[in-house]
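Following numbering that gives the first Met the number 0, the numbering of the sequence shown begins with 0 at its first residue and continues without gaps. The C-beta atom is built at its ideal place from N, Cα and C for all residues, glycine as well. One structure below.
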Amino acid sequence: MVLTPTLSKEQMKRHELLINRYFAERGKSLSIKYHHNGSKKGIYKVETQGSTFIAVAAAIDSSSDLLQEYRLLCELYNGAQFFFPRPFAHYSSDQGQLIIMEFLPHQQIGEFPKYPFSKPGGFFKEFAYMFGFSLTSVNINTGYFPSEPHDGNILVKADEESNLELKFCDAIQFQRGSLEVALSNALLSGFRDESKRFIIQFRQGVIRALKELEEKDEATCKRELEFLKNINDVF
Ligand SMILES: Nc1ncnc2c1ncn2[C@@H]1O[C@H](COP(=O)(O)OP(=O)(O)O)[C@@H](O)[C@H]1O
Ligand SMILES: [Mg+2]
């Protein structure tokens, strides 16, 4: 897939200057590659001696507040580090602002090769299961949920047995809310149809997180999730 940057050449040049400045101040030489279409921000893959990072850049007068996003990412990562890129730094100067974070080797759902996929039921059933598990784990550990869990905000990776690992991007879309709010949003927002289509797998993922993190038994989990019958009557 060829990505067409939505940013102007001048904006990208300013971003690159800022990234160069940040790493030069730390005595590092680097290479910068435009990585992904950000909606308001530029997302760059940065390679320095032996390390790879993601640098998210925005103009100082841009509507995206990277300091707020960085703080939220730190809070989410501290509570549920398995599901987020590790944040390293926020940097701001008169030229703009940056977030430096871990580069994830995971792929966007649209780009992920879904065949062959060795788990019965294929990619989307496994995805619904891991989405239920990841969403619930993050909510239990941080009190937040992803309000816009669309394809661009979730990255995936599989091991040899096709076990999926999910990571969430765009920390700024996370909102505070109870598990009830988190699950209702996942089922009703329209961003993730497979959580409804494969409701059994989605529910199993939710229950796995409740069992592992809150040490609840099956009957308690089912009782506590009764309210979801109003959204999907087989829940
Ligand atoms: N830490 C990361 N590692 C690898 N890729 C990333 C990382 N963060 C973001 N990306 C890539 O950039 C894309 C856009 O990031 P996102 O934070 O969602 O920005 P936007 O606010 O523009 O939607 C993601 O879909 C993902 O492909
Ligand atoms: Mg996004």
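Any heavy atom of ligand 2 within less than 6 Å of a residue's beta carbon puts that residue on the list, which reads G151, N152, C168, D169. According to the DSSP assignment, I171 belongs to no alpha helix (DSSP H), since it is labelled neither H nor E.
Distances from the alpha-carbon of Q107 to those of S92, E101, H149 put H149 closest. Where Y43 is concerned, the enclosing beta strand (DSSP E) starts and stops at 41-47.
Along the segment 44-127, the alpha helix (DSSP H) occurs as fully enclosed runs of 4 or more residues at 65-78, listed in sequence order. Among the bridge pairs identified by DSSP, F144 is matched with Q174. With 16 or more other CB atoms across the displayed protein chains lying within 10 angstroms of its CB, I206 is buried. Burial is judged here by how many other beta carbons sit within 10 angstroms of a residue's own beta carbon; S7 has fewer than 16 and is exposed. In the DSSP assignment, H14 falls outside any beta strand (DSSP E) and lies within the alpha helix (DSSP H) extending over 8-24. Within 10 angstroms of the beta-carbon of N152 lie 16 or more other beta-carbons, which makes it buried. Nearest to L165 by C-alpha distance, out of E217, R25, S136, is S136. Cβ contact annotation for A79 (same chain, cutoff 7 Å, sequence separation greater than five): S136, V137, N140, T141, in chain order.
Distances from the alpha-carbon of G121 to those of E160, D64, R20, H35 put E160 closest.
For K156, the three-state secondary structure derived from DSSP is strand.
Annotation for I98: V55, L65, Y69, H89 place their beta carbon closer than 6 Å to its own, counting only its chain and skipping 5 residues before and after. Checking the DSSP bridge columns, you'll see S30 partnered with E46. Close CB contacts of R20 within its chain, under the 8 Å cut and outside five residues either way in sequence, are with S92, Q94 (chain order). In the structure shown, E164 falls within a strand segment according to DSSP collapsed to helix, strand and coil.
Residue K221 holds the alpha-carbon nearest to the alpha-carbon of R202 among E214, F190, K221, F87.
Residue pairing from DSSP places H35 in a beta bridge opposite I42.
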